[in-house]
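The structure appears right after this line, and notes come after that.
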Amino acid sequence: MKRFLFIILIMSLIIVFNCTNNQQTVTTTRDVLLDKIRGGWVGKSYGVSFGGPTEFGHQGKIIEGPLELDPKGLEWLPYQDDMYVNMALFKAVVDNGLDATSADFAKEFAHGGFLLWHANGQGRQNILEGIPPDKSGHPLYNPHADDIDFQIECDFIGLVCPGLPQAALNICDRAGHLMNYGDGVYGGYFVTAMYAAAFIYNDMQQIVEAGFKALPEGSGYAEIIGDLFKWHKQYPLDWKKTWQELEDKYNNDLCPWGVHSKFNIQARLNGAYIALGLLYGEGDLEKTVELSTRCGQDSDCNPANSGGIVGTMLGFNNLPEKITTAMAPHMNTDFHFTPFSIESASKECLRLSLENILANGGKESGCEININVQSFRTSRKAEISFPTLAPLDRFNVTDERITWQGEWKLFPKGDESMRRSSDINGSMEVEFIGNAIYVQGDLRFDQGILEYVIDDKSMGTRDMYLPKKWKRADQSTAVWVTGLPDGDHKLRVLVTGKKNADSEGIMVSLGKVVTYSGEIAE
56 MKRFLFIILI
66 MSLIIVFNCT
76 NNQQTVTTTR
86 DVLLDKIRGG
96 WVGKSYGVSF
106 GGPTEFGHQG
116 KIIEGPLELD
126 PKGLEWLPYQ
136 DDMYVNMALF
146 KAVVDNGLDA
156 TSADFAKEFA
166 HGGFLLWHAN
176 GQGRQNILEG
186 IPPDKSGHPL
196 YNPHADDIDF
206 QIECDFIGLV
216 CPGLPQAALN
226 ICDRAGHLMN
236 YGDGVYGGYF
246 VTAMYAAAFI
256 YNDMQQIVEA
266 GFKALPEGSG
276 YAEIIGDLFK
286 WHKQYPLDWK
296 KTWQELEDKY
306 NNDLCPWGVH
316 SKFNIQARLN
326 GAYIALGLLY
336 GEGDLEKTVE
346 LSTRCGQDSD
356 CNPANSGGIV
366 GTMLGFNNLP
376 EKITTAMAPH
386 MNTDFHFTPF
396 SIESASKECL
406 RLSLENILAN
416 GGKESGCEIN
426 INVQSFRTSR
436 KAEISFPTLA
446 PLDRFNVTDE
456 RITWQGEWKL
466 FPKGDESMRR
476 SSDINGSMEV
486 EFIGNAIYVQ
496 GDLRFDQGIL
506 EYVIDDKSMG
516 TRDMYLPKKW
526 KRADQSTAVW
536 VTGLPDGDHK
546 LRVLVTGKKN
556 ADSEGIMVSL
566 GKVVTYSGEI
576 AE
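Taking my numbering as reference, the numbering of the sequence shown is continuous, increasing by one, and the terminal residue is 577.
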């Protein structure tokens with residue numbers, strides 16, 4: 056604690072606040088900005104490496120027992136989607152400037168050689184199918200709209216927006232809707248606003264409150280963080296009681312993987328674990344990362360975000376020697392399928408942050424940089440992805456309620472089991488109740504075109520071909536139909552025997568089926 060107070064005293068000599076005409080300004084230097092940016096990337100990298108081996112190993116339960124940085128976590132650092140998607144989206148800003156469009160982001164995101172999952176994977180599938188990038192995260196096309204994806208890959212935005220949360224939110228709107236909508240995008244709002252605050256504040260309560268102000272009123276994300284503040288005040292010395300309150304009220308995920316399960320990949324619950332680590336960690340990087348990891352669920356992504364925010368507040372030169380020593384061999388290693396390492400990204404972030412400061416009324420004079428701090432409060436109207444949608448049923452591929460016609464081969468893999476068929480007489484049929492239905496698919500180099508029929512009416516076809524450069528995409532969507540009359544229905548999925556000219560086969564692969572009832576965003 057004494058060391059932490061000393062750090063704050065030192066930093067208070069470097070960052071100077073001024074308030075004139077209701078405009079808050081901050082005075083800093085290039086060296087301090089770069090130190091904070093580098094600290095952010097190192098904190099992020101340390102957090103994802105620390106939590107990596109535990110990812111989704113604890114669903115709806117706290118991780119107990121000793122936790123240490125596993126060398127395997129560091130080995131996997133270049134291959135973490137938390138890092139390489141960050142860097143891919145960052146490249147769009149490096150190449151196109153701070154006004155990079157959704158199309159600029161889509162070019163790097165949808166066509167990069169890296170693997171993607173959940174909302175990211177669905178966003179890529181949608182963009183490759185021709186859905187505009189500003190719509191590819193919309194719940195009409197993406198059942199993962201509220202998932203965590205943008206939250207884990209938005210850090211670069213906060214790191215180029217020191218004290219500029221409104222500028223950060225503008226970039227979030229253009230990048231975040233590629234894969235998310237509503238609370239899924241607001242995870243980016245929350246995280247990037249906290250990064251923006253970490254450049255100018257040294258109090259973690261103030262930083263988390265700044266992130267909260269950036270959340271649209273009436274959103275589910277604002278609700279959970281509001282509750283978190285209440286429980287933190289109620290249990291200031293017992294984070295586990297706060298965790299249990301979150302679990303009891305909020306562990307109910309609509310993602311097809313979370314239905315009737317303790318699995319939760321929602322942005323808002325995992326975002327609450329970020330904030331829990333920050334509030335109870337009190338500015339201690341190691342403690343913060345450990346707490347966000349112990350909360351479970353996406354327990355590498357959450358400490359990555361919380362670690363990055365604390366690392367930004369402290370700056371690289373004030374990070375614990377234990378962490379800088381562990382990270383030293385990885386500072387110049389490029390992340391998977393991107394041209395950036397921690398060091399090269401830090402330098403580009405500095406360039407862009409200075410450009411952003413000047414574009415938003417700041418000034419550079421000699422060694423001093425003056426930042427015109429923006430308001431953290433947003434006036435944006437809340438997007439609600441699934442206002443009343445509720446899951447009804449879930450079928451796996453061995454469920455006797457599903458009828459398989461023709462030859463289908465079972466590929467058992469627990470919850471990820473699939474059936475595959477190249478039989479032109481092949482079909483899958485299931486009766487269901489509700490007004491929306493999801494069927495898992497697999498995009499591959501040998502997949503064909505499927506047709507889906509509801510109540511004897513063809514609803515469309517879907518080309519499931521994906522080039523070989525992407526080796527795995529089995530969290531894709533074969534069918535996502537919403538807006539049906541609420542009631543009894545029958546779905547048939549057909550192997551058409553047709554294919555993309557580039558595909559090596561006509562195979563159709565199908566996995567879990569999930570049914571819902573309720574309203575989604577228009």
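Note that the Cβ used here is the ideal one computed from N, Cα and C, for glycine as well.
Quick one, which of the options has its alpha-carbon nearest residue i's?
i    : options                : result
Y244 : M259, Y256, H287, E272 : E272
A327 : P108, A223, D238, L369 : D238
G313 : V87, P198, E577        : P198
D201 : A330, S274, K436, N357 : S274
L549 : G515, K523, S531, R527 : G515
N307 : W298, I320, T297       : I320
F487 : V536, S472, L505       : V536
P522 : E506, Q502, E403       : Q502
L292 : G336, M249, F145, E438 : G336
Could you tell me the distance, in whole angstroms, from the CA atom of residue i to the CA atom of residue j?
i    : j    : result
D90  : L132 : 21 Å
Y241 : M562 : 38 Å
V508 : W463 : 19 Å
K567 : A165 : 25 Å
C350 : T343 : 11 Å
W172 : N77  : 44 Å
R323 : I186 : 26 Å
E110 : E574 : 32 Å
S513 : S399 : 51 Å
L153 : M142 : 15 Å
D353 : Q114 : 9 Å
N360 : H544 : 43 Å
G281 : I262 : 14 Å
F169 : Y139 : 8 Å
T458 : R517 : 21 Å
I504 : M483 : 14 Å
D511 : L233 : 33 Å
D478 : D454 : 21 Å
G167 : N235 : 18 Å
V485 : Y493 : 12 Å
Q135 : F267 : 27 Å
Around the Cβ of residue i, are there at least 16 other Cβ atoms within 10 angstroms (buried) or fewer (exposed)?
i    : result
Q206 : buried
P126 : exposed
A414 : exposed
H315 : exposed
L369 : buried
A383 : exposed
C227 : buried
S440 : buried
S420 : exposed
C216 : buried
N175 : buried
C404 : buried
Q289 : exposed
For residue i versus residue j, is the C-beta distance shorter than 8 Å?
i    : j    : result
N425 : T84  : no
A533 : G496 : yes
L444 : Y571 : yes
G489 : Q460 : no
S564 : F500 : no
G98  : G417 : no
I117 : K304 : no
P446 : F105 : no
Q79  : P220 : no
I255 : G213 : no
L88  : A381 : no
D355 : D210 : no
S157 : P108 : no
R474 : V452 : yes
Considering only residues of the same chain and omitting the five flanking positions on each side of residue i, which have a CB-CB separation below 6 Å?
i    : result
V148 : A155
F59  : With a pLDDT of only 43 at F59, under the threshold of 50, the placement of this residue in the model should not be trusted; the figure read from the coordinates follows. Within the same chain, F59 has close Cβ partners G338.
P394 : none
G231 : F205, V240, G243
L224 : Y244
I279 : Y305, R323, A327
F318 : Q114, W312
G95  : L214, G363, G366, T367
R93  : F371, S401
I412 : I426
F390 : P133, M138, Y139, M142
L498 : M519, L521, A528, S531
Apart from the five residues on each side of it in sequence, which residues of its chain come closer than 8 Å, Cβ to Cβ, to residue i?
i    : result
P540 : N490
Please go through the same chain and pick out, in chain order, the residues whose beta-carbon is closer than 7 Å to the beta-carbon of residue i, but skip the five residues on each side of it.
i    : result
P159 : At residue 159 the sequence reads Asp, which differs from the Pro that was named. The residues are A147, N151.
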